[in-house]
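2 protein chains.
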Amino acid sequence: MAAPDDCPLCREDGGLLIARHDKFRIIRATGADAADFPACYRVIWNDHVAEWTDLAPPERGELMQAVIQVETVLRAQLRPTKVNLASLGNVVPHLHWHVIARYDWDSRWPAPVWAPAARERDEARLAKLIACLDTCDAAIAALTL
Amino acid sequence: MAAPDDCPLCREDGGLLIARHDKFRIIRATGADAADFPACYRVIWNDHVAEWTDLAPPERGELMQAVIQVETVLRAQLRPTKVNLASLGNVVPHLHWHVIARYDWDSRWPAPVWAPAARERDEARLAKLIACLDTCDAAIAALTL
């Protein structure tokens with residue numbers, strides 16, 4: 782599909798670039814997106830494609846392998862209570878997978894990150910988590926994908 | 782992992798059973814879960830496993846193939862504005878994939894289904910969508926998986 786002029790994921794990386802590959806890139810969310818969930822990564826298909834089933838099977842395999850490897854790194858580095866995976870794309874219909882480390886102390890737990898906040902942010906625990914992200918980013922950047 | 786006594790997806794199908802396979806089942810959400818999003822299907826791994834990366838690669842391949850086929854049926858039968866895919870499991874950490882047909886008239890659009898409602902339900906459009914579900918269910922039940 783041709784890239785629509787107004788697609789932000791065609792124009793920009795969409796966050797802090799962690800790894801750029803031929804067909805996809807891995808970014809970490811920053812700014813307001815990451816305030817409550819700093820360990821929020823996205824694996825973004827470079828071409829403008831809307832749905833998971835718009836990809837040919839080999840490409841889907843490649844992209845899912847990246848999602849799997851990112852989840853593996855997050856589990857090893859950040860020891861989350863749960864990993865959340867999602868491909869929604871309602872606002873930006875450009876194929877991307879969210880890979881998010883969730884904790885039983887986070888502001889929405891156990892609801893999805895998109896639910897209203899259930900409690901205040903735990904700034905001390907968030908700071909500890911943020912301190913681990915450079916190492917996590919480096920492990921993702923080092924993946925052979 | 783042994784099934785914990787309190788896991789609802791170990792005890793029950795988890796919705797209207799559409800197809801039962803050796804390693805997974807496909808259900809359609811019913812009741813309150815489905816009031817705003819009647820075309821909400823779940824592909825549920827039968828064994829109690831929490832994370833996507835807890836599955837061995839061949840099993841992950843089988844389960845993702847089912848997700849892909851369900852998305853394909855939903856697109857063909859229900860013509861959604863967008864398909865949403867998610868594996869969260871914060872409340873019930875028993876591996877399941879949500880495959881949800883979303884519409885630009887639904888009560889949360891374009892937010893995720895877990896966000897607060899943005900508008901009233903469109904009962905007339907919901908009724909038309911619900912009228913298509915028997916055919917959609919039958920197409921999913923007929924899949925070779």
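Chains as they are written, first to last, in this note's numbering: chain F, 782 to 926; chain L, 782 to 926. Cβ atoms here follow ideal geometry from the backbone N, Cα and C, with glycine treated the same way. Values in this document were obtained by computation on a predicted structure and should not be read as measured data.
Contacts of residue i in chain F (Cβ-Cβ under 7 Å)
i                     : result
leucine 790 (chain L) : Near leucine 790 (chain L) there are no residues of chain F at all, since even the closest Cβ is about 15 Å away, more than 7 Å.
Interface partners of residue i on chain L, CB under 7 Å
i                        : result
tryptophan 890 (chain F) : Asn871
proline 874 (chain F)    : Lys863
Contact under 8 Å by Cβ, residue i with residue j
i                        : j                        : result
leucine 844 (chain L)    : leucine 836 (chain L)    : yes
isoleucine 911 (chain L) : isoleucine 807 (chain L) : no
aspartate 903 (chain F)  : tryptophan 886 (chain F) : yes
valine 824 (chain F)     : alanine 847 (chain F)    : yes
valine 830 (chain F)     : leucine 790 (chain F)    : no
serine 888 (chain L)     : aspartate 817 (chain L)  : yes
valine 873 (chain L)     : cysteine 788 (chain L)   : yes
Neighbouring residues, chain F, relative to residue i (Cβ below 9 Å)
i                     : result
alanine 867 (chain L) : Asn865, Leu866, Ala867, Ser868, Leu869, His879, Pro893
Assumed close pair residue i, residue j - CB separation to whole angstroms, cut-off 8 Å
i                        : j                        : result
glutamate 852 (chain L)  : threonine 834 (chain F)  : 5 Å
cysteine 917 (chain F)   : leucine 859 (chain F)    : 6 Å
alanine 899 (chain L)    : alanine 905 (chain L)    : Not a contact, Cβ separation roughly 18 Å.
asparagine 871 (chain F) : tryptophan 890 (chain L) : 6 Å
alanine 896 (chain F)    : alanine 896 (chain L)    : 7 Å
leucine 907 (chain L)    : proline 819 (chain L)    : 6 Å
* **Contact between the region 874-889 of chain L and the region 857-864 of chain L (3+ Cβ pairs under 8 Å)** => yes
* Asked: Closer than 9 Å, Cβ to any Cβ of chain F: which residues of the region 824-849 of chain L, in chain order?
  -> Ala831, Glu832, Trp833, Thr834, Pro838, Arg841, Gly842, Met845, Val848, Ile849
* Cβ-based contacts, 8 Å cut-off: residues of the region 876-901 of chain F near chain L -> Arg883, Trp890, Pro891, Ala892, Pro893, Trp895, Ala896, Pro897
* To do: Below 8 Å between beta carbons is the criterion; list the residues of the region 849-861 of chain F that meet it against any residue of chain L, in chain order.
  => Shown in chain order are the members of the region 849-861 of chain F whose Cβ falls below 8 Å from a Cβ of chain L: Ile849, Glu852, Thr853, Arg856.
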